[in-house]
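A short write-up of the structure that comes next.
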Amino acid sequence: MSANQSPPTTTADDDTETDHDHRDDAAPSTDAVVELTDVDFGYTSTPVVEDISLRIDAGEYVAVVGPNGSGKSTLMKLMLGLLRPDAGSASIFGEPSHRFDDGSRIGYVAQHASASKEMPITVREVVKMGRFPHVGFGRLGNEDWAIVHDALETVGMSAFADRRVTQLSGGQRQRAFIARALASEADLLVLDEPTVGVDVESVEAFYDLLDSLNGAGITVLLIEHDLGAVTEHADRVVCLNREIYFDGPTDEFVESDALARAFGTAANFLGGDA
Ligand code: ADP
Numbered sequence: 070m071s072a073n074q075s076p077p078t079t080t081a082d083d084d085t086e087t088d089h090d091h092r093d094d095a096a097p098s099t100d101a102v103v104e105l106t107d108v109d110f111g112y113t114s115t116p117v118v119e120d121i122s123l124r125i126d127a128g129e130y131v132a133v134v135g136p137n138g139s140g141k142s143t144l145m146k147l148m149l150g151l152l153r154p155d156a157g158s159a160s161i162f163g164e165p166s167h168r169f170d171d172g173s174r175i176g177y178v179a180q181h182a183s184a185s186k187e188m189p190i191t192v193r194e195v196v197k198m199g200r201f202p203h204v205g206f207g208r209l210g211n212e213d214w215a216i217v218h219d220a221l222e223t224v225g226m227s228a229f230a231d232r233r234v235t236q237l238s239g240g241q242r243q244r245a246f247i248a249r250a251l252a253s254e255a256d257l258l259v260l261d262e263p264t265v266g267v268d269v270e271s272v273e274a275f276y277d278l279l280d281s282l283n284g285a286g287i288t289v290l291l292i293e294h295d296l297g298a299v300t301e302h303a304d305r306v307v308c309l310n311r312e313i314y315f316d317g318p319t320d321e322f323v324e325s326d327a328l329a330r331a332f333g334t335a336a337n338f339l340g341g342d343a
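Here the sequence shown is numbered in this note's numbering, starting from 70 and rising by one per residue.
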């Protein structure tokens with residue numbers, strides 16, 4: 070696959086937080102894929118996430134974990150600019166998230182259950198959609214089709230290219246959506262509990278695929294309730310329950326008490342089936 074390596078456009082005009090101007094830790098922001106600084110957000114006057122500062126660099130594999138209702142999806146929407154912080158700032162690829170408009174750089178994979186079961190189109194057509202940001206609604210050229218072909222190969226779905234999405238298993242469908250992201254040359258994959266409802270063998274293969282894509286340089290941001298998968302695959306864990314309880318390497322997370330504190334229980338979430 071060929072991740073889009075074009076440099077982030079830095080249109081730092083009006084309300085851009087020129088945060089690197091007043092950063093004294095000299096950390097260059099150029100590699101930051103996502104950066105949240107002191108973010109608060111609530112749908113009502115009650116805060117749902119609070120005091121969130123978080124930076125994800127290119128090439129990382131980050132999992133966001135936390136109990137139901139802890140703000141994981143909200144945090145993701147803030148990162149992607151689908152919601153705007155009440156306080157603080159959110160940027161993606163160096164631009165304020167709410168103004169970022171190069172959707173082709175972000176591949177989003179939702180829960181399989183939420184994919185439309187009515188979609189009467191084939192896998193190839195789904196993957197072809199990944200080229201639309203590049204060609205408009207014009208015709209795909211040979212190079213575009215080659216990219217579609219490669220994306221299908223990469224996710225192991227070439228044999229299913231002409232099958233309708235409605236006729237796929239959950240795991241196959243998720244692979245098709247990953248292929249669409251690859252075809253769009255996304256360099257960030259955002260996945261919201263992608264393996265809910267996917268059978269066990271397919272789950273493992275799915276995570277192996279994510280590992281290899283991350284190995285090829287794609288940044289992976291995963292919201293996941295399956296802590297076994299998280300600890301096995303992610304390099305970094307962000308444990309959330311309104312605030313960040315832990316943010317660091319997966320090994321340290323496993324040894325920390327963050328999980329018990331965030332979940333309000335010492336229940337054995339790790340290695341369990343739940
Ligand atoms: P998680 O993804 O960790 O389950 P969410 O971010 O979905 O958590 O939700 C965090 C809190 O925000 C929950 O209390 C939820 O009920 C509330 N919430 C989520 N979406 C909305 C919305 N669109 N309007 C109002 N409240 C919402």
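Just so it is clear, CB atoms sit at the ideal spot from N, CA and C, and this is done for glycine as well.
State yes or no: is the C-beta of residue i nearer than 7 Å to some heavy atom of the ligand ADP?
i      : result
Val265 : no
Lys197 : no
Val117 : yes
Ser142 : yes
Ser139 : yes
Tyr112 : yes
Gly55  : Missing from the structure shown is residue 55; the chain here goes from 70 to 343 and no further.
To the nearest angstrom, how far is it from the Cα of residue i to the Cα of residue j?
i      : j      : result
Ala228 : Val217 : 13 Å
Glu321 : Gly135 : 16 Å
Val117 : Gly140 : 6 Å
Val131 : Ala101 : 13 Å
Ser160 : Lys146 : 12 Å
Asn137 : Gly199 : 31 Å
Arg233 : Thr264 : 20 Å
Gln236 : Asp155 : 43 Å
Asp256 : Leu282 : 10 Å
Leu291 : Ile190 : 27 Å
Arg305 : Phe315 : 10 Å
Gly284 : Phe201 : 26 Å
Glu293 : Gln180 : 10 Å
Ile121 : Leu279 : 26 Å
Ile175 : Leu258 : 6 Å
Asp109 : Arg208 : 43 Å
Phe246 : Phe169 : 22 Å
Ala96  : Ala274 : Confidence in Ala96 is poor, its pLDDT being 46 and thus under 50, which makes the residue's placement unreliable; the coordinate value appears in the next sentence. If I take the Cα positions, the gap works out to 36 Å.
Asp107 : Gly240 : 37 Å
Counting only the same chain and skipping the five closest in sequence on each side, list residues whose C-beta sits under 6 Å from that of residue i.
i      : result
Gly225 : none
Leu123 : Leu105
Ala127 : Asp100, Val102 and Thr288
Ala252 : Val196, Gly199, Arg200, Ile216, Val217 and Ala220
His167 : Gly150 and Arg153
Leu260 : Val178 and Leu291
Around the Cβ of residue i, are there at least 16 other Cβ atoms within 10 angstroms (buried) or fewer (exposed)?
i      : result
Tyr112 : exposed
Ala327 : buried
Thr115 : exposed
Gln243 : buried
Glu324 : exposed
Gly163 : buried
Might you give, ordered along the chain, the residues of its own chain that have their beta carbon closer than 8 Å to the beta carbon of residue i, omitting 5 neighbours on each side?
i      : result
Arg193 : Val217, Leu221, Ala230 and Asp231
Phe338 : Because the pLDDT of Phe338 is 49, which lies under 50, any placement of that residue in the model is unreliable, and the question is left without a value.
Ser238 : Val267, Asp268 and Ser271
Val204 : Gly210 and Asp213
Tyr276 : Thr264, Ala298, Glu301 and His302
Gly286 : Ala72, Ala127, Gly128 and Asp256
Helix, strand or coil for residue i per DSSP?
i      : result
Ala285 : coil
Phe201 : helix
Tyr65  : Any property of residue 65 remains undetermined from this structure, which presents the chain solely from 70 to 343.
Ile247 : helix
Gly163 : coil
Ile121 : strand
Ala96  : Because Ala96 carries a pLDDT of 46, less than 50, the predicted location of this residue cannot be relied on, and the following value inherits that uncertainty. Ala96: coil per DSSP, three-state reduction.
Leu149 : helix
Asn211 : helix
Ile292 : strand
Glu129 : coil
Ser253 : coil
Glu262 : coil
Ala156 : strand
Leu309 : strand
Val103 : strand
Cβ of residue i versus every heavy atom of the ligand COA: is any distance shorter than 7 Å?
i      : result
Leu151 : With respect to the ligand COA, the structure shown offers nothing to examine, as its ligands consist of the ligand ADP.
Residues in its own chain within less than 7 Å of residue i by CB, not counting five upstream and five downstream?
i      : result
Leu144 : Val118, Ile121, Val133 and Leu309
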